[in-house]
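Participant: Residue numbers (this note's numbering): 74 to 332.
(1) Closer than 8 Å is the cut-off here; do at least three beta carbon pairs connect the stretch 74 to 90 with the stretch 143 to 150?
(2) Residues in its own chain within less than 6 Å of residue 74 by CB, not counting five upstream and five downstream?
(3) Excluding the five sequence neighbours on either side, which residues of its own chain have a C-beta within less than 6 Å of the C-beta of residue 236, listed in chain order?
(4) State the beta-bridge partners of residue 224 as determined by DSSP.
(5) What three-state label does DSSP hand residue 183 in the structure shown?
(6) DSSP on residue 320, reduced to helix/strand/coil?
(7) Please report the straight-line C-alpha distance between residue 139 and residue 216, rounded to a whole angstrom.
(8) Leaving aside the five residues before and after residue 100 along the sequence, list all residues of the same chain whose C-beta is less than 7 Å from its C-beta, in chain order.
(9) Any chance you could list the beta strand (DSSP E) runs of at least 3 consecutive residues sitting entirely within the stretch 166 to 211, in chain order?
(10) Determine the direct distance from the alpha carbon of residue 160 to that of residue 206, and round the result to whole angstroms.
(11) Helix, strand or coil: how does DSSP classify residue 83 here?
(12) Go through the stretch 103 to 157 residue by residue and report every complete run of the alpha helix (DSSP H) that reaches 4 residues or more, in order.
Written out as structure tokens, the structure is:
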């Protein structure tokens with residue numbers, strides 16, 4: 074099994090904001106000379122969106138989907154001092170520390186359900202991925218998929234694992250499926266669900282899930298409003314994913330019924 078090795082880089086230049094959604098991600102240059110899309114800890118959903126992005130992205134990669142490299146990004150306080158836009162200035166100020174970045178795919182285009190092509194197995198993997206991680210944001214209005222080098226790439230998993238916004242009731246989600254899959258942009262193309270499920274079962278062992286979750290930085294797990302320890306929170310993510318995988322046949326039936 075390949076060990077997940079997530080690099081840490083330093084932001085050296087703020088290039089431009091990406092004014093999509095409410096979180097104001099941006100293109101930045103890092104000290105390795107590559108461009109990244111940075112997701113800020115100081116944005117609306119805070120560090121929990123970064124956790125969702127990290128877990129969702131590395132789970133997608135583990136089951137053979139294309140995901141831009143994910144890195145941890147150190148942001149210092151110098152950028153907010155030179156930014157003229159007050160909204161962005163505040164965002165940068167509140168995001169000093171460890172953020173998350175995805176390698177910027179230069180020349181990629183947004184997936185268009187009316188025009189773009191993808192094969193049935195890939196579509197099935199993406200649909201089951203989003204059922205497993207409870208991703209509410211891969212719809213025709215906002216596909217969060219890219220076409221790059223004639224392949225489909227999965228991005229923006231920040232709306233996943235929404236149970237973690239209220240730890241007092243998270244265990245209720247262990248018995249649920251994911252009815253919102255009915256709105257998924259790839260629903261009609263996902264016709265190889267059984268085949269996709271075999272790949273997912275083989276790829277996502279408990280050991281692999283634990284390894285992915287272990288990469289969450291401790292700093293992202295501390296929150297004034299959460300009363301669970303970081304160990305308990307990590308265990309909750311592992312238990313949640315374990316419960317989803319145990320119900321994969323139910324998730325498949327839910328997709329078929331929705332289609």
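Even glycine gets a Cβ: it sits at the ideal position worked out from N, Cα and C.
Facilitator: On the basis of the supplied data:
(1) yes
(2) Note on residue 74: pLDDT 47, under 50, position unreliable in the model; the coordinate value appears next. Contacts found: none.
(3) Closer than 6 Å at the Cβ level, and outside the excluded window around residue 236, lie 243 and 246.
(4) 221
(5) Note: residue 183 maps to strand in three-state DSSP.
(6) coil
(7) 15 Å
(8) 88, 89, 91, 108, 110 and 177
(9) 170 to 176
(10) 31 Å
(11) strand
(12) 119 to 135 and 151 to 155
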